[in-house]
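J.: My structure is below; once you've seen it, I'll send some questions.
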Amino acid sequence: DTIETTNGRQVVQYRGRLMPIVPLGSEIRCTEGQRLPVLVFAENHTAIGLAVDQIVDVVEERVDMQMSSDKQGVIGSAIIKGKATDVVDIAWYLDQSRASDIQRRSSSHRRKVLLVDADAFARRMIAPLLAAAGYDVTPAGGMHEVKSIAEAGEHFDALVGDPAALDRIRNEGMWTNLPALAVTDWPEDTPADGLTVVLPRSDRGALIAALDEVSQEEKVA
Numbered sequence: 015d016t017i018e019t020t021n022g023r024q025v026v027q028y029r030g031r032l033m034p035i036v037p038l039g040s041e042i043r044c045t046e047g048q049r050l051p052v053l054v055f056a057e058n059h060t061a062i063g064l065a066v067d068q069i070v071d072v073v074e075e076r077v078d079m080q081m082s083s084d085k086q087g088v089i090g091s092a093i094i095k096g097k098a099t100d101v102v103d104i105a106w107y108l109d110q111s112r113a114s115d116i117q118r119r120s121s122s123h124r125r126k127v128l129l130v131d132a133d134a135f136a137r138r139m140i141a142p143l144l145a146a147a148g149y150d151v152t153p154a155g156g157m158h159e160v161k162s163i164a165e166a167g168e169h170f171d172a173l174v175g176d177p178a179a180l181d182r183i184r185n186e187g188m189w190t191n192l193p194a195l196a197v198t199d200w201p202e203d204t205p206a207d208g209l210t211v212v213l214p215r216s217d218r219g220a221l222i223a224a225l226d227e228v229s230q231e232e233k234v235a
C-alpha cells in the first residue's frame, strides 16, 4: 500500500532498496489506500514485485508442461491441482525490470554465448537471464541446430548447456577452446571432465557469476 513513482517506474521500498513493481497484466489496478497483492522474486541483488489481482493458492507440485506459449511472459500451460494453468516466465519479468542494466555493455562488447539444451523449458528460463546480464545468447535445442550454427561460421565466447550436449560438441571438435559451463539438475552426479564448471540448473546466480569470471579471465589473457 506504499507504491511510489520514480523515473517513470512504480516502486516500493523493500529491505532498504527500491524494488520495481511489475504488473502481471497490462497495468497495476490499485486505488489509494488499497493493499495490492504482490509476489516478490529475488535473484542476487535484484528483486521485483509481480503485482497480481489475487493470490488464489500456494501449492508445491512438479510441473508437466502440456502446451507451449508464444506470449511474452508466459512459458506455457500445465494442469496444476486439476486446473488448466498458465505458467509465468519469471525470468522474462526479471529481464524487463533489469532492461536498463543491459546498457552496461555496448553491443560491440557483449560476450556471445551458445546455449544448448534439449529442454525448451530450461532454454526459456536461462536465455532471458543471460540476456539480462548483458550476454548475446544464441539458443539451440539439439545437435542439428548446433551443426548448422557451426557451419554458418558463428563465433562464441562461451558454451552453456546440458552436460551431454557439451560433451558431444567437444567430441565433434566444435569450439573446443571455449569455456564450457554445464547446468544440470544433478551436478553432484555429473563428471566434470572437459567442462569448465558444473552448476545446478536452479542456481542461475552462480551461472552468471561463473560466466563473468571466465569472461574476465579471457580479457586478462
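In our numbering, the protein residues as written are 15 to 235. We put the beta carbon where it would ideally sit given N, CA and C, even for glycine.
Can you list, in chain order, the residues of its chain whose CB lies under 7 Å from that of MET139, leaving out five sequence neighbours each side?
T.: Stepping through the sequence shown from its first residue, residue 139 is reached at position 125. Around MET139: ALA105.
J.: Could you tell me the boundaries of the beta strand (DSSP E) in which LYS97 lies?
T.: What you label residue 97 is simply residue 83 of the sequence shown in a count that begins at 1. Its beta strand (DSSP E) spans residues 97–102.
J.: What residues in its chain sit with their C-beta under 8 Å from that of TYR28, if we drop five residues either side in the sequence?
T.: Sequence index remark: in the sequence shown, residue 28 carries index 14 (1-based). Around TYR28: VAL54, ALA61, GLY63.
J.: By how many angstroms is the C-alpha of ASP150 removed from the C-alpha of ASP207?
T.: Numbered from 1 along the sequence shown, position 193 holds the residue referred to as residue 207. Numbered from 1 along the sequence shown, position 136 holds the residue referred to as residue 150. Roughly 26 Å separates the two Cα atoms.
J.: Out of LEU225, GLY148, GLN68, SER216, state which residue places its alpha-carbon closest to the alpha-carbon of GLY39.
T.: By one-based count along the sequence shown, residue 39 stands at place 25. Of the listed residues, the one whose Cα sits closest to GLY39 is GLN68.
J.: Give the DSSP-derived three-state secondary structure of ASP282 in the structure shown.
T.: Past the edges of the chain, shown from 15 to 235, lies residue 282, and the structure says nothing about it.
J.: Measure the alpha-carbon distance for VAL102 versus GLY90 and round it to whole angstroms.
T.: The sequence position of residue 102 within the sequence shown is 88, counting from 1. The sequence position of residue 90 within the sequence shown is 76, counting from 1. The straight-line gap from Cα to Cα measures roughly 8 Å.
J.: Taking 8 Å as the cut-off, does the stretch 18–28 touch the stretch 69–80 (at least 3 CB pairs, one atom from each stretch)?
T.: These segments do not touch.
J.: Assuming SER91 is part of the alpha helix (DSSP H), what are its boundary residues?
T.: The sequence position of residue 91 within the sequence shown is 77, counting from 1. Looking at the DSSP string, SER91 is not in any alpha helix (DSSP H); the run it does join, the beta strand (DSSP E), is 88–94.
J.: Taking contact to mean 3 or more Cβ pairs, one atom from each stretch, closer than 8 Å, check whether the stretch 71–84 and the stretch 122–133 are in contact.
T.: Segments in contact, no.
J.: Buried or exposed, going by whether 16 or more other CB atoms sit within 10 Å of the CB of LEU180?
T.: For the purposes of this step, residue 180 is taken as residue 166 along the sequence shown, with counting starting at 1. LEU180 is buried by the Cβ-count criterion.
J.: For ASP207, name the three-state secondary structure that DSSP assigns.
T.: Residue mapping note: residue 207 aligns to position 193 of the sequence shown, counting from 1. Correct three-state label for ASP207: coil.
J.: Considering Cα atoms alone, identify which of SER83, VAL26, LEU128 is closest to LYS161.
T.: Position 147 of the sequence shown, counted from the start, is the residue given in the question as residue 161. Residue LEU128 is the option with its Cα nearest to LYS161.
J.: Is it right to say SER120 is buried, meaning 16 or more other beta carbons lie within 10 angstroms of its own, or is it exposed?
T.: As a first step, residue 120 is located in the sequence shown; it is residue number 106 there, counting from the start. Only weak support exists for where SER120 lies, its pLDDT of 44 falling under 50; the value from the coordinates is given anyway. Answer is exposed; the Cβ neighbour count stays below 16.
J.: Would you identify the three-state DSSP class for ASP78, choosing helix, strand or coil?
T.: As a position in the sequence shown, residue 78 is number 64, starting the count at 1. Of the three classes helix, strand and coil, the one that applies to ASP78 here is coil, per DSSP.
J.: Please classify LEU213: is it buried, with 16 or more other beta-carbons within 10 angstroms of its beta-carbon, or exposed?
T.: One-based indexing of the sequence shown puts residue 213 at position 199. Counting Cβ neighbours within 10 Å, LEU213 comes out buried, since at least 16 surround it.
J.: Whose C-alpha, out of VAL52, ALA145, ALA56, ARG218, is nearest the C-alpha of ARG31?
T.: On the sequence shown, residue 31 is found 17 positions in, with the first residue counted as 1. Ranking the options by Cα distance to ARG31, first place goes to ALA56.
J.: Using 8 Å for Cβ pairs, my map puts ARG215 next to ASP199. What's the rounded Cβ distance?
T.: Counting from one through the sequence shown, the residue named residue 215 turns up at place 201. Counting from one through the sequence shown, the residue named residue 199 turns up at place 185. Correct: roughly 5 Å between the Cβ atoms.
J.: At what residue ranges does the stretch 169–194 contain a whole run of the beta strand (DSSP E), taking only runs of 3 or more?
T.: List check, beta strand (DSSP E) in window: 172–175.
J.: Go ahead and pull the three-state DSSP assignment for LYS126.
T.: For the purposes of this step, residue 126 is taken as the residue at position 112 of the sequence shown. Of the three classes helix, strand and coil, the one that applies to LYS126 here is strand, per DSSP.
J.: Going along the chain, which residues of its own chain have a beta-carbon closer than 6 Å to the beta-carbon of ARG125, five neighbours each way excluded?
T.: As a working mapping, residue 125 is identified with position 111 in the sequence shown. Once the five neighbours on either side are set aside, the close Cβ partners of ARG125 are TYR149, ASP171, SER229.
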